[in-house]
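Take a look at the structure set out below.
Residue numbers (my numbering): 15 to 398.
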């Protein structure tokens, strides 16, 4: 049976899923924003605020965010150079404070120059370089990746310096397992660090928040501090444990941000994670001396994602009606709102709206011959 998990990610399956989410989102983002080169000369930035590289097993660093970011920019430049009339200039900015990792990063960038991609490495902390990077970006489109090893140094006010401008997508890895262990720690320096990380200002982090409450607080503060219109998060499944270790939070100013994010979530956290879980369990059983007869039917979808998706479907129906209770809305406005707090896709919301229309709870203005709902279609509540 062919392996789903690359050799470089053995015993790092969660990092594999995290990197697949990053790579899939970045490829689509680079292609979409790079299309601006059809009309004018365009600059495109990828900023990796905690670059590492960390725990890389692949000599070409293919199992790191460094290589993933560069490959996405390379592909965007190659495609739009061939198809656009104007130039697309791509830039990658990597920040790393640890001397050994920074030396490896510099060596990799020096030995792997990519045509059309300008890559620079900055030695020091994200906090130290945030202001200078913001000036470097100007008003150019940029993808900001924030992936700290804990929470220290990833204060929301520093993220806001880069993510507050237009045409910015930000993806933050909240190391939930670590944050959850220390979120109620009474020591002053921990309380101060938590306030900084959650963007609370002088307010303290409320105690005894559960996972969803904690992530809701992070999402809403990221929205407020960065002036974002669309914010959502997902849980990266662990292949052998039920606890949450990584929660990825995305933010931007266009509904396509959450549409793409939820599509990637369904593909990676659902389908791919299910296959990764089965392979990890099989490997663990083989190491433990258990005989795998191959009789168990593999899961098609990771069960933790499946549970979140099912709950999201139930909540999304309610949320559609809540949105429309405020007045008529275009379908794009409806799904853009619903996807932020529910682990569902645009297609899921479309099916929900169609069923509500059949039941008379929603009035869908469209041609009767057309069955597919469009983003521009007007929706309003049915008459009770």
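Glycine is no exception: its CB is placed at the ideal position from the N, C-alpha and C atoms.
These numbers come from a predicted model, not from an experiment.
DSSP places residue 38 in the helix class (H, G or I) of the three-state scheme. Taking residue 75 as reference, the option from 150, 89, 63, 125 with the minimal CA-CA separation is 125. If you compare the alpha carbons of 269, 46, 397 with that of residue 374, the shortest gap goes to 397. Burial check for residue 210: the Cβ neighbour count within 10 Å reaches 16 or more, so the residue is buried. In its chain, beyond the 5 residues on either side, 79, 80, 83, 106, 107, 108, 109, 159, 161 have a beta carbon closer than 8 Å to the beta carbon of residue 62.
Taking a contact to require three or more Cβ pairs closer than 8 Å, the segment 140 to 154 and the segment 30 to 40 do not qualify as touching.
From the listed residues 23, 356, 45, the smallest Cα separation to residue 245 is found for 356. The straight-line gap separating the alpha-carbon atoms of residue 87 and residue 41 is approximately 8 Å. When beta bridges are read from the DSSP output, residue 105 appears opposite 59, 132. Separation of residue 104 and residue 350 (C-alpha to C-alpha, rounded to the nearest whole angstrom) is 29 Å.
Where residue 116 is concerned, the enclosing alpha helix (DSSP H) starts and stops at 113 to 125. Taking 8 Å as the cut-off, the beta carbon of residue 267 is found no closer than this to the beta carbon of residue 228.
Rounded to whole angstroms, residue 206 and residue 93 show a C-alpha spacing of 46 Å. In the structure shown, residue 110 adopts extended strand secondary structure according to DSSP, grouped into three states. Separation of residue 255 and residue 289 (C-alpha to C-alpha, rounded to the nearest whole angstrom) is 15 Å.
Look at residue 354 here: in three-state DSSP terms it is helix. The bridge partners DSSP lists for residue 156 are 59, 182.
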